[in-house]
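All the letters of the sequence shown, read from the start, carry residue numbers 1 to 354 under our numbering.
Note that beta-carbon positions come from the ideal geometry of N, C-alpha and C, so glycine has one too.
These notes are about the structure you will find just below.
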Amino acid sequence: MKAIIVDDEELARSRLSLLLTEAGGIILCGSFATAAEGLEYIEKHSVDVVFLDITMPEMDGMEFANILLEQGSSASVVFVTGYGEYALEAFELEASDYLLKPISRERLAKTINRLSKMKQRDADRLYITCFGGFCVTVQEEGGQVIGWRSPKVEELFAYLVWKGSVSRDEIADTLWEGFTLDKAMKNLNSTVYYIRKALQQYGLEDCLITTRKQISLDSKRVYCDLYEFQQMQNSAWKTEKDLERMNELYRGGLFQGKAYEWSFGKAQTLEKSMISNLLKAAEKREEQNLQEDAEQLYLRALELDPFYEIACDRLLNLYIRLGKKEKEKQLRREIEQLFSDDAPPPLLIFKNRL
């Protein structure tokens with residue numbers, strides 16, 4: 001862990017530097033006599049923990065910690081002071097520990113061990129994929145898959161992923177429609193319990209934030225392909241790399257294979273958005289005389305929706321302009337095949353062309 005010391009007493013800084021070096025597990029990146037110097041360093045460098053004196057001139061440790069809190073800094077704060085009366089105020093500022101001078105080696109070792117456990121816990125997060133199905137794993141794709149007690153438990157978690165934060169009343173109305181309010185709430189509470197229990201075995205139960213009225217997911221402890229896709233979708237992407245990433249993320253429909261009626265409208269909207277992006281990119285490739293790239297983008301759009309007329313028309317026109325008569329004929333046959341009685345599944349027709 002990377003650490004800095006902020007203390008106006010030179011002797012205290014020197015002693016703590018020596019103790020941290022002896023203890024191990026800490027990389028001391030700097031030692032500063034003023035809060036201003038410490039803040040300036042944090043603005044330019046990544047820091048995991050600040051060992052911070054409280055009573056300092058100009059800006060004291062409490063004000064320093066409050067600034068970090070307001071800025072949303074990920075750095076942990078360990079207060080180091082000769083006065084015990086500030087402890088309550090310190091922990092209100094989300095301090096990770098409170099050390100009284102003179103610091104013993106044994107007490108410092110406990111602090112470092114606690115910080116290490118906190119860092120490991122914060123490193124763990126859920127990896128959620130929503131496109132092409134629904135899967136929740138620990139850490140990364142290919143990691144330990146979270147097992148759910150029942151399809152309803154999985155559906156509730158999927159709903160929370162989709163909404164981010166949602167009222168208990170809305171969940172009850174959506175997932176237990178037709179139930180009395182009392183019965184719906186009982187089902188909701190028991191299902192939340194089973195979600196928490198499934199996450200608890202990996203130490204990730206605090207990803208779920210519950211209050212009397214709301215249930216939310218902690219976005220800092222979650223990676224979700226849907227969230228990344230929506231973020232890119234809302235930005236004015238211009239580069240080929242952006243499109244490639246969106247294409248990687250969109251591995252299939254939203255919650256594909258799951259009968260979540262509440263997600264059908266959203267799934268259609270995202271699919272249309274993806275196809276629209278593909279067509280815009282294909283048009284741009286044609287303008288750049290990158291005809292093969294444009295062809296692949298049109299085919300990808302048709303893989304997502306074989307009945308999308310605009311993509312069919314543009315691909316046909318591309319083949320006509322390029323004089324590719326065989327490909328034009330093949331495409332027309334495939335379009336006719338889509339509407340025949342003995343047609344194979346529509347997605348297979350264009351998927352085989354990519």
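As assigned by DSSP and simplified to three states, the class of residue 207: Looking up residue 207 in the sequence shown gives position 207. Residue 207 falls in the helix class under three-state DSSP.
C-beta contact flag for residue 82 and residue 101 at 8 Å: Within the sequence shown, numbered from 1, the residue matching residue 82 stands at position 82. Within the sequence shown, numbered from 1, the residue matching residue 101 stands at position 101. Contact: yes.
message: Runs of 4 residues minimum, wholly inside the stretch 106-189: which ones carry the alpha helix (DSSP H) assignment?
response: 151-163 and 168-175
task: Report the residue ranges of all beta strand (DSSP E) runs contained in full by the stretch 61-90; include only those spanning at least 3 residues, in chain order.
output: 76-81
query: If residue 316 sits next to residue 331, beta carbons under 8 Å apart, how far is it from one beta carbon to the other, in whole angstroms?
result: What you label residue 316 is simply residue 316 of the sequence shown in a count that begins at 1. What you label residue 331 is simply residue 331 of the sequence shown in a count that begins at 1. Their Cβ separation, rounded to whole angstroms, is 6 Å, which keeps residue 316 and residue 331 in contact under 8 Å.
message: Strictly by DSSP, which residues pair up with residue 331?
response: Here residue 331 refers to the residue found at position 331 when the sequence shown is read from its first residue. DSSP lists no partner for residue 331.
message: Any contact between the stretch 35-42 and the stretch 13-20? By contact I mean 3 or more CB pairs, one from each, below 8 Å.
response: no
Own chain, CB closer than 8 Å to residue 370, minus 5 neighbours either side, in chain order: This structure gives no information on residue 370, because the portion of the chain shown stretches from 1 to 354.
- prompt: At a cut of 8 Å, does the stretch 160-170 reach the stretch 205-217 through at least three beta carbon pairs?
  reply: yes
query: Is the number of C-beta pairs between the stretch 293-302 and the stretch 193-210 that are closer than 8 Å three or more?
result: no
field: Three-way DSSP call (helix, strand, coil) for residue 258 in this model
entry: Taking the first residue of the sequence shown as 1, we reach residue 258 at position 258. Three-state result, residue 258: coil.
task: With DSSP as the reference, please indicate the residues paired to residue 49 in a beta bridge.
output: Translated into the one-based positions of the sequence shown, residue 49 becomes position 49. Its beta-bridge partners are 3 and 76.
query: Roughly how many angstroms separate the alpha carbons of residue 11 and residue 36, rounded to a whole number?
result: Stepping through the sequence shown from its first residue, residue 11 is reached at position 11. Stepping through the sequence shown from its first residue, residue 36 is reached at position 36. Their backbone Cα atoms lie some 19 Å apart in a straight line.
message: By the three-class DSSP mapping on this structure, what secondary structure does residue 97 have?
response: Taking the first residue of the sequence shown as position 1, residue 97 is located at position 97. DSSP places residue 97 in strand when its eight states are reduced to three.
task: Rank 224, 33 and 177 by C-alpha distance to the C-alpha of residue 138 and give the top, closest one.
output: Against the sequence shown, residue 138 aligns to sequence position 138. Of the listed residues, the one whose Cα sits closest to residue 138 is 224.
query: Start and end of the alpha helix (DSSP H) containing residue 54?
result: Here residue 54 corresponds to residue number 54 of the sequence shown, with the count starting at 1. First-last for residue 54: undefined, no H or E at that position.
- prompt: Between which two residues does the beta strand (DSSP E) carrying residue 214 extend?
  reply: Position 214 of the sequence shown, counted from the start, is the residue given in the question as residue 214. First-last of the beta strand (DSSP E) with residue 214: 214-217.
- request: Grab the span of the beta strand (DSSP E) containing residue 28 for me, first residue to last.
  value: The count along the sequence shown starts at 1 and reaches residue 28 at position 28. Here the beta strand (DSSP E) through residue 28 covers 27-32.
- prompt: With DSSP run on the structure shown, which of helix, strand or coil describes residue 41?
  reply: Counting from one through the sequence shown, the residue named residue 41 turns up at place 41. Residue 41: helix per DSSP, three-state reduction.
field: Beta-carbon proximity list for residue 33, same chain, < 6 Å, skipping 5 on both sides
entry: In the sequence shown, the residue the question calls residue 33 occupies position 33. Cβ within range, chain order: 8.
message: Using the three-state DSSP reduction, which class does residue 250 fall into: helix, strand or coil?
response: Position 250 of the sequence shown, counted from the start, is the residue given in the question as residue 250. Here residue 250 sits in coil by DSSP.
message: What does DSSP give as the partner residue(s) for residue 227 in the beta ladder?
response: Here residue 227 corresponds to residue number 227 of the sequence shown, with the count starting at 1. Answer is none; residue 227 lacks a bridge partner.
- request: Could you confirm whether any beta carbon from chain C is found closer than 8 Å to the beta carbon of residue 148?
  value: Of the chains in the structure shown, none is chain C; there is only one protein chain.
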